[in-house]
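K.L.:
Numbering (our numbering), first residue to last: 140 to 347.
Written out as C-alpha cells, the structure is:
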C-alpha cells in the first residue's frame, strides 16, 4: 500500500511537535529501544538531514552503537480512530488516520558534542516560554549532569514517511470528518495535509 509522504517540511514539523521517539538498535544482545527526545537538523530547503540527541552513558545502547552504528528512530504524530458516525455516506467503513515516520540512521556518538546536544534540545523545548531556561541556570550541577550522558548526531540514510490524513476522501466526506473531530490534534493535522483542497493556509494550521 502506498501512503502519502507529506509536503517538504512536514517531517521537521512532526519532530518539533512530537520529539520523543523510539531509538531502536540491534547488537550482540539483540534488539533494544529507548524513548529519547530528538532535535531535527535541517538543510536550507527545510528537509531533515540528521537528528541530534543524547542518552545516559549507562544505556546498553551506547555499547551497541559503538559496535553497530545503524539504528531506527520511530516517531508518531497525530493519530486517531475515524468513526463512520462522522460520515453521512452509506456503507462508509471506519479507518485510522495518522502521521508517522520511520527513519534509518547512521549514529555518531560525540563526546565533544554532548553539551551542544543538550543545549539544542533545551533551546527547542523552552522556545515558547516567556522566560526560557538556559544551561547556565544549572550552575555547578551542569558538569556533573553532562558527565553522565553522551551526545550523538544521527545522519538519516533512509526514511519511510506515512501521512495518512484523509487525502483519499472526497471533499464533502473530509469536511464531515473534520467537523466530527473538531478541536483535536488529528483534525488539525488533517486540515494541514488537505489545505490545498480546503482552501486554507497550511502554515497557519496548528502543528501535527
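All C-beta atoms in this analysis are idealised placements derived from N, C-alpha and C, irrespective of residue type, glycine included. All values derive from a computational prediction rather than experimental measurement.
Short of 7 angstroms in beta carbon distance, which residues of its chain neighbour residue 226, apart from the five on each side in sequence? Order them along the chain.
P.N.:
Position 87 of the chain shown, counting from 1, holds the residue named residue 226. Closer than 7 angstroms at the Cβ level, and outside the excluded window around residue 226, lie 312, 315, 316.
K.L.:
What does the Cβ neighbour count give for residue 152, buried or exposed, with the cut at 16 atoms within 10 Å?
P.N.:
Counted from its first residue, the chain shown places residue 152 at position 13. Residue 152 comes out buried.
K.L.:
Comparing alpha-carbon positions, which option in 231, 220, 224 lies nearest residue 325?
P.N.:
In the chain shown, the residue the question calls residue 325 occupies position 186. With distances taken between Cα atoms, residue 325 lies closest to 220.
K.L.:
Buried or exposed for residue 291, going by 16 or more other Cβ atoms inside 10 Å?
P.N.:
Counting from 1 along the chain shown, the entry for residue 291 is found at position 152. Classification for residue 291: buried.
K.L.:
Among 262, 279, 146, 216, whose alpha-carbon lies nearest the alpha-carbon of residue 235?
P.N.:
If you number the chain shown from 1, residue 235 lands on position 96. The shortest C-alpha separation from residue 235 is found at 216.
K.L.:
Identify the continuous alpha helix (DSSP H) that holds residue 152 and give its terminal residues.
P.N.:
The count along the chain shown starts at 1 and reaches residue 152 at position 13. Looking at the DSSP string, the run of the alpha helix (DSSP H) that includes residue 152 is 149–156.
K.L.:
Under three-state DSSP, which class holds residue 176?
P.N.:
Locating residue 176 in the chain shown gives position 37, counting from the first residue. Strand, per DSSP.
K.L.:
Taking contact to mean at least 3 C-beta pairs separated by less than 8 angstroms, is the region 277–293 in contact with the region 237–257?
P.N.:
Short answer: they touch.
K.L.:
Hey, which unbroken runs of the beta strand (DSSP E) at 3 residues or more fall wholly within the region 160–231?
P.N.:
The qualifying runs are 169–176, 178–181, 187–195, 209–221.
K.L.:
Look at the alpha carbon of residue 336 and the alpha carbon of residue 310, and state the distance between them as a whole number of angstroms.
P.N.:
Taking the chain shown and counting its residues from 1, the one referred to as residue 336 is at position 197. Taking the chain shown and counting its residues from 1, the one referred to as residue 310 is at position 171. So the alpha carbons of these two residues sit roughly 7 angstroms apart.
K.L.:
Using the C-alpha atoms, what's the distance from residue 154 back to residue 307?
P.N.:
Translated into positions along the chain shown, residue 307 becomes position 168. Translated into positions along the chain shown, residue 154 becomes position 15. Cα-Cα distance, rounded: 24 angstroms.
K.L.:
Could you give the distance in angstroms between the alpha-carbon of residue 340 and the alpha-carbon of residue 328?
P.N.:
For this step, residue 340 is matched to residue 201 along the chain shown. For this step, residue 328 is matched to residue 189 along the chain shown. So the alpha carbons of these two residues sit roughly 12 angstroms apart.
K.L.:
Please report the distance separating the alpha-carbon of residue 164 from that of residue 269.
P.N.:
Residue mapping note: residue 164 aligns to position 25 of the chain shown, counting from 1. Residue mapping note: residue 269 aligns to position 130 of the chain shown, counting from 1. Between residue 164 and residue 269, the C-alpha separation is close to 38 angstroms.
K.L.:
Suppose contacts are defined by Cβ-Cβ distances below 8 angstroms. Is residue 158 in contact with residue 178 by that definition?
P.N.:
In the chain shown, counting from the first residue as 1, residue 158 sits at position 19. In the chain shown, counting from the first residue as 1, residue 178 sits at position 39. Yes, the pair counts as a contact, with Cβ atoms nearer than the cut-off.
K.L.:
Alpha carbons only, please: which of 333, 300, 204, 323 is nearest the one belonging to residue 142?
P.N.:
Start at 1 with the first residue of the chain shown, and residue 142 comes out as number 3. Comparing Cα-Cα distances from residue 142 to each of 333, 300, 204, 323, the minimum goes to 300.
K.L.:
Could you tell me whether the region 170–185 touches the region 197–212, using the rule of 3 or more Cβ pairs below 8 angstroms?
P.N.:
yes
K.L.:
Would DSSP call residue 335 helix, strand or coil?
P.N.:
The sequence position of residue 335 within the chain shown is 196, counting from 1. Looking at residue 335 - three-state DSSP - the assignment turns out to be helix.
K.L.:
Using C-beta distances below 6 angstroms, list every residue in its chain close to residue 296, excluding the 5 sequence neighbours before and after it, in chain order.
P.N.:
By 1-based counting over the chain shown, the position of residue 296 is 157. Excluding residues within five positions, the ones whose Cβ falls inside 6 angstroms are 243, 245.
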